[in-house]
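Reviewing the structure listed below.
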Amino acid sequence: MDIATNEQDVLNTLRIENADLAQWQTVLEWARNEGWDMGIGDADAFFGVDPQGFFVGYLDDQLVAAVSVVNFSSSFCFLGHYLVPPEFRGQGYGLKIFQHALRHGGNRVVGLDGILHQTENYAQSGFVGYRKNHRMAGVVQQDDACPAGVEPVEASDVQDIVEYDTSCTGVSRGALLKNWFLGATRHGFMIRQGGKIQGVIGVRQSQDGYRIGPLLANTPDQVEPLLQAALSVIPRGSQVAMDVPEKEDRTLLHLAEQYGFQSVFQTQRMYVGEPPREQEHQVWCITTLELG
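If you're matching positions, the sequence shown starts at 3 in the working numbering and goes up one per residue.
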């Protein structure tokens, strides 16, 4: 038997299943080992959007690959959690589960935030680069108070926030955001003027500290008060990270540097199909690399 035939036989033994939340805990540990620092409770929120969109690959009883393709609507989905442990890489398992999961998205536009060294591989599957994101990370050095004019998000605000988020991102994400700002390890803050939301920020406890996202705001001068509000609930000395799009207005990147944050890695937003009609000037920090 030649090597190519042997490799194909091994691939044929890869058993791909829809994962439940219990199976997904192993994938979360893989993500932690990669330094992704996912938010506590994020997986619960993700499964609430599309519980059929999470896939794992097994060799016998050994979990060796994972990916998610989460359908937000009849026209848009997002790919994330593309993970293979180091000892199983280079054997085709990742590509096989990747291709399998994409079928779940059907004819939808597909988005992803991929690490830079994988962008050529994604391009071979039809993905086109859109923009870069910077993972900005640091340690909270000061005790900020929540600024005047910024108020906590309450359950009664969520529908208005979902509508505002849709107007900013071009994607209807109500299923993701319905509990995103609420709970023991989560906070949300917003700016309202004339009864209308002008900006919103989320902050949540993560595997290694805290994560900020999303941060949406109509104008650059609203970015810092929202950031200060988020930092006000994070204990001094805690690690905190956020994923900041690279764009012409670098207000948040400059603010992050002033607060002692550094860019620790970059990702590339990519799409197959026409990107959503995002209002770039209102999107300052993405919600999560896994679902956009």
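C-beta: ideal position from N, C-alpha, C; glycine also.
The C-beta distance from N20 to Q64 rounds to 18 Å, too long to meet the 8 Å contact threshold. Annotation for P149: P227, Q230 and A231 place their beta carbon closer than 7 Å to its own, counting only its chain and skipping 5 residues before and after. Three or more beta-carbon pairs separated by less than 8 Å link the stretch 136 to 149 to the stretch 251 to 258, which places the two stretches in contact. Residue environment for H119: exposed (fewer than 16 other C-beta atoms within 10 angstroms of its C-beta).
Between the alpha carbons of G294 and D115 lies a distance of about 7 Å. For the options G201, A186, T187 and L179, the alpha carbon positioned closest to that of G151 is the one of G201. Between S234 and D146, the CB-CB gap stays under 8 Å.
A24 sits exposed, since fewer than 16 C-beta atoms from the chains shown fall within 10 Å of its C-beta. In the DSSP annotation of this structure, the continuous segment of the beta strand (DSSP E) that includes I117 starts and ends at V111 to I117.
The C-alpha of Q284 is placed about 17 Å away from the C-alpha of L179. Taking 8 Å as the cut-off, the beta carbon of L184 is found no closer than this to the beta carbon of V225.
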